[in-house]
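Some notes on the structure that comes next.
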Amino acid sequence: MSETTTPVKACRTVVLISGSGSNLQAIIDAQQAGEIPISIKAVISNKDGVKGLARAQAHNITTEVLSHKGFESRDAFDSALKDCIDKYQAELVVLAGFMRILTPGFTTHYLGRMLNIHPSLLPKYQGLHTHQRAIDAGDTEHGVTVHFVTAELDGGPAVIQAKVPIQQGDTAERLAERVLREEHRIYPLAIGWFARGRLKMIEGKACLDGEEIRL
Ligand code: NHR
Ligand code: GAR
Numbered sequence: 172m173s174e175t176t177t178p179v180k181a182c183r184t185v186v187l188i189s190g191s192g193s194n195l196q197a198i199i200d201a202q203q204a205g206e207i208p209i210s211i212k213a214v215i216s217n218k219d220g221v222k223g224l225a226r227a228q229a230h231n232i233t234t235e236v237l238s239h240k241g242f243e244s245r246d247a248f249d250s251a252l253k254d255c256i257d258k259y260q261a262e263l264v265v266l267a268g269f270m271r272i273l274t275p276g277f278t279t280h281y282l283g284r285m286l287n288i289h290p291s292l293l294p295k296y297q298g299l300h301t302h303q304r305a306i307d308a309g310d311t312e313h314g315v316t317v318h319f320v321t322a323e324l325d326g327g328p329a330v331i332q333a334k335v336p337i338q339q340g341d342t343a344e345r346l347a348e349r350v351l352r353e354e355h356r357i358y359p360l361a362i363g364w365f366a367r368g369r370l371k372m373i374e375g376k377a378c379l380d381g382e383e384i385r386l
């Protein structure tokens with residue numbers, strides 16, 4: 172039987188968001204099109220009222236809001252977030268525009284089963300405001316990276332990247348739009364690899380079908 176016809180058990184997935192959730196939407200769309208064998212058990216946001224929550228609800232996906240503001244420390248917030256995720260027995264945790272830095276205790280708990288999408292060609296431009304930083308540096312290309320999450324911010328092993336050109340007179344907003352289109356293509360692809368058991372983190376390296384991914 173070919174890979175596409177082999178039945179695969181749906182990978183139990185929890186998605187963390189903080190905002191618009193357009194990546195979440197791309198993941199939902201890919202799941203519904205039968206392209207990726209996942210089941211989204213919950214969408215959790217640290218911000219109330221964001222569009223991503225409405226997108227999940229429109230597909231009858233369970234949503235939770237856990238505001239970081241009610242906690243006195245990052246450890247306390249992350250501990251509550253972990254309890255919230257683990258109720259759903261997640262096999263995969265997907266950060267999709269999630270905007271809180273996570274503590275080492277949290278990242279260790281999900282090591283090898285948590286992915287992030289970061290809008291830069293890592294290791295360039297870790298952290299925030301990546302589009303403006305790439306423009307200000309005079310770069311001619313920019314892009315996006317999917318990586319496994321480790322304690323080191325945006326420092327975990329990379330899984331896939333996509334590049335986009337930076338055009339004359341680009342604004343951060345225009346560039347972000349161009350990058351987002353690539354995000355919506357590569358994130359479902361990477362999640363599909365993981366769900367099919369093809370993508371694994373082994374000895375700190377991202378591996379596809381047992382081969383180290385080198386970008
Ligand atoms: N945590 C760890 N340990 N490792 C990673 O690789 C992480 C992570 C948490 C989030 C996403 C990340 C990105 O792709 C991510 C990767 C938020 C910040 C940040 O500075 C930085 C990077 C990322 C997400 N957040 C501020 C904070 O104090 C809050 C900013 C805000 O609320 O707008 O947590 O870029
Ligand atoms: C995306 O560009 C994502 O790469 C980025 O935020 C946007 C979220 O969009 N993530 C980060 O910057 C993480 N710090 P979305 O909510 O529409 O998916």
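Start counting the sequence shown at 172; every next residue gets the next number (our numbering). By construction, the Cβ of each residue, glycine as well, lies at the ideal position given by its N, Cα and C atoms. Keep in mind it's a predicted model, so treat the numbers as computed, not measured.
**Item:** Cβ pair isoleucine 362, leucine 286 closer than 8 Å
**Value:** Working through the sequence shown from its first residue, we reach residue 362 at position 191. Working through the sequence shown from its first residue, we reach residue 286 at position 115. Going by C-beta atoms, isoleucine 362 is nearer than 8 Å to leucine 286.
**Request:** Output yes or no for whether 8 Å exceeds the beta carbon distance between aspartate 246 and threonine 274.
**Result:** Taking the sequence shown and counting its residues from 1, the one referred to as residue 246 is at position 75. Taking the sequence shown and counting its residues from 1, the one referred to as residue 274 is at position 103. With a cutoff of 8 Å on beta-carbon distance, aspartate 246 and threonine 274 are scored as near each other.
**Beta-bridge pairing of glutamate 383 - partner residues as DSSP gives them** = Within the sequence shown, numbered from 1, the residue matching residue 383 stands at position 212. Answer by DSSP bridge pairing, in chain order: Cys378.
**Asked** Where DSSP assigns a beta bridge to glutamate 235, which residues make up the other side?
**Response** Taking the first residue of the sequence shown as 1, we reach residue 235 at position 64. According to DSSP, glutamate 235 bridges with Ile215.
**Request:** State the start and end residues of the unbroken beta strand (DSSP E) segment that holds glutamate 312.
**Result:** In the sequence shown, counting from the first residue as 1, residue 312 sits at position 141. First-last of the beta strand (DSSP E) with glutamate 312: 312 to 319.
**Prompt:** If you draw a straight line from the C-alpha of isoleucine 357 to the C-alpha of leucine 351, how long is it?
**Reply:** Indexing the sequence shown from 1 puts residue 357 at position 186. Indexing the sequence shown from 1 puts residue 351 at position 180. If you take the alpha carbons of isoleucine 357 and leucine 351, they lie about 10 Å apart.
**Prompt:** For the ligand NHR, any of its heavy atoms closer than 7 Å to the Cβ of valine 186?
**Reply:** Translated into positions along the sequence shown, residue 186 becomes position 15. Incorrect: valine 186 has no Cβ contact closer than 7 Å to the ligand NHR.
**Message:** What would DSSP say about serine 210, mapped onto helix, strand or coil?
**Reply:** Here residue 210 is taken as the residue at index 39 of the sequence shown, counted from 1. Three-state DSSP puts serine 210 in a strand.
**Asked** When the cut-off is 8 Å and only beta carbons count, does cysteine 182 lie next to chain C?
**Response** Given the protein chain composition of this structure (a single chain), no chain C is represented.
**Message:** One question on the structure: do leucine 237 and leucine 224 come within less than 8 Å of each other, judged by their Cβ atoms?
**Reply:** Start at 1 with the first residue of the sequence shown, and residue 237 comes out as number 66. Start at 1 with the first residue of the sequence shown, and residue 224 comes out as number 53. Not closer than 8 Å, so no.
**Request:** Kindly indicate which residue of Gln332, Pro359, Gln228 and Thr301 has the alpha-carbon position closest to the one of glycine 202.
**Result:** Here residue 202 corresponds to residue number 31 of the sequence shown, with the count starting at 1. Correcting the residue identity first, residue 202 is glutamine in this sequence and not glycine. The candidate whose alpha carbon is nearest that of glutamine 202 is Pro359.
**Request:** Put threonine 184 into one of helix, strand or coil per three-state DSSP.
**Result:** In the sequence shown, counting from the first residue as 1, residue 184 sits at position 13. Three-state result, threonine 184: strand.
**Beta-carbon proximity list for tyrosine 259, same chain, < 6 Å, skipping 5 on both sides** = The residue given as residue 259 occupies position 88 in the sequence shown. Once the five neighbours on either side are set aside, the close Cβ partners of tyrosine 259 are Val185, Lys212 and Ala213.
**Message:** Please state whether the Cβ-Cβ distance between alanine 267 and glycine 192 is less than 8 Å.
**Reply:** Residue numbering aside, residue 267 sits at position 96 when the sequence shown is read from its first letter. Residue numbering aside, residue 192 sits at position 21 when the sequence shown is read from its first letter. Taking 8 Å as the Cβ cut-off, alanine 267 and glycine 192 qualify as a contacting pair.
**Prompt:** Is alanine 267 near the ligand GAR, in the sense that its beta carbon is under 7 Å from a heavy atom of that ligand?
**Reply:** For the purposes of this step, residue 267 is identified with residue 96 of the sequence shown, where counting begins at 1. At least one heavy atom of the ligand GAR is nearer than 7 Å to the Cβ of alanine 267, so yes.
**Prompt:** Helix, strand or coil: which one does DSSP assign to lysine 371?
**Reply:** Indexing the sequence shown from 1 puts residue 371 at position 200. Taken through DSSP and simplified to helix, strand or coil, lysine 371 comes out as strand.
**Message:** Suppose the cutoff is 6 Å on Cβ atoms and the five residues either side in sequence are ignored; what does the same chain contact list for isoleucine 199 look like?
**Reply:** As a working note, residue 199 is residue 28 in the sequence shown. In chain order, His230 place their CB closer than 6 Å to the CB of isoleucine 199, counting only its own chain and leaving out the 5 sequence neighbours on each side.
**Message:** Looking at the strands, I want to know which residues DSSP matches up with glutamine 332.
**Reply:** Translated into the one-based positions of the sequence shown, residue 332 becomes position 161. The partner list for glutamine 332 (beta bridge, DSSP) reads Thr316.
**Request:** Measure the alpha-carbon distance for serine 210 versus alanine 305 and round it to whole angstroms.
**Result:** The residue labelled residue 210 in the question sits at position 39 within the sequence shown. The residue labelled residue 305 in the question sits at position 134 within the sequence shown. Near 36 Å, if we compare the C-alpha coordinates of alanine 305 and serine 210.
**Message:** Tell me the DSSP secondary structure of glutamine 252 in three-state form.
**Reply:** On the sequence shown, residue 252 is found 81 positions in, with the first residue counted as 1. Before going further, note that residue 252 is leucine rather than glutamine in the sequence given. DSSP places leucine 252 in helix when its eight states are reduced to three.
**Request:** Along the beta strand (DSSP E) that carries histidine 289, what are the first and last residues, could you check?
**Result:** For the purposes of this step, residue 289 is taken as residue 118 along the sequence shown, with counting starting at 1. In the DSSP annotation of this structure, the continuous segment of the beta strand (DSSP E) that includes histidine 289 starts and ends at 285 to 289.
**Asked** Excluding the five sequence neighbours on either side, which residues of its own chain have a C-beta within less than 7 Å of the C-beta of arginine 349, listed in chain order?
**Response** For the purposes of this step, residue 349 is identified with residue 178 of the sequence shown, where counting begins at 1. Answer for arginine 349: Val335, listed in chain order.
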